[in-house]
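Below you'll find the structure, written out as structure tokens, and then a few comments.
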């Protein structure tokens, strides 16, 4: 999936500084996961790198792991070809008398070309002991998991069973509506003066409630409000408050 990497310029948000970050081209099928691995520094990390994009004067590009040196420090660490190193961090402890201080040196390598990545790695302080480690933040492309949902209507509605496929992380109500699934009872129009037939996913009218006969472990846990409203029916869920494939990574 290395061909899925792309660099995106971000203007910055409340939780992310402005900058250039790794992303995927096909966000419908893939997502970027962030992992951390700690390996020893002495003798080198044992990571082979390949530039996918680069050659710019500002050093920007995309560099990925192309392989691991057999028997090297990264061998068996969990780092995989196709990963991209976004940060390296070295923590050193120094003792002086009865006090101990820690110094952290971190360098960012996200969205850098090969030469700029090597320069950043070499800018880390020299190895001080054979046991010193470096903490690597790794970006990895993962395929979005999919969940098959079988929908059964009450017999009185005379509707055939329907099977839909959802990506993990989708909201159940929204996913059903976008796929043309009839969700709300006609009587529920009384809850909304606009005639939409529901509360707009606020989790207050309970008109999108579904019964879960199998696969409850694939749904996110109920929040307090949903738990209270549906306490007499533990197998029911509000579709507007339910995330399918909660916590799945692949």
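Residue numbers (the numbering used here): 154 to 403.
The beta carbon of each residue, even a glycine, is placed where N, CA and C say it ideally should be.
Here the structure is a predicted model, which means the values were calculated and not measured.
Check	Outcome
Rounded separation between residue 395 and residue 325 - CA only	6 Å
Cα-Cα separation, residue 269 to residue 319	40 Å
Three-state secondary structure (DSSP) of residue 326	helix
Pair within 7 Å by beta-carbon distance, residue 257 and residue 238	no
Same chain only: Cβ atoms within 6 Å of residue 380, ignoring 5 sequence neighbours per side	none
Range of the contiguous alpha helix (DSSP H) that encloses residue 379	377-382
N- and C-terminal bounds of the alpha helix (DSSP H) containing residue 275	267-275
Three or more C-beta pairs below 8 Å linking the region 195-202 and the region 169-180	no
Cutoff 7 Å; reference residue 211; Cβ partners in own chain excluding five residues on either side	none
Run of the beta strand (DSSP E) containing residue 364, from where it starts to where it stops	362-364
Distance between beta carbons of residue 287 and residue 218, contact taken as under 8 Å	Incorrect: roughly 14 Å between the Cβ atoms, too far for contact.
Among 363, 387, 393, 368, the one whose alpha carbon lies nearest that of residue 357	393
For residue 247, three-class secondary structure by DSSP	strand
For residue 370 and residue 314, the rounded distance between their alpha carbons	22 Å
First through last residue of the beta strand (DSSP E) which encompasses residue 334	First-last for residue 334: undefined, no H or E at that position.
Rounded Cβ spacing between residue 264 and residue 354 (contact assumed at less than 8 Å)	Not a contact, Cβ separation roughly 36 Å.
Option in 167, 327, 232 with minimal Cα separation from residue 223	232
Residue 359 vs residue 377 beta-carbon contact at 7 Å	no
Close beta carbons around residue 235, own chain, < 8 Å, minus the five adjacent residues each side	154, 155, 217, 218, 293, 294
Residue 385 to residue 190 span [Cα, whole Å]	46 Å
Rounded Cβ spacing between residue 285 and residue 195 (contact assumed at less than 8 Å)	7 Å
Rounded separation between residue 410 and residue 398 - CA only	What is shown of the chain runs 154 to 403, which leaves residue 410 out entirely.
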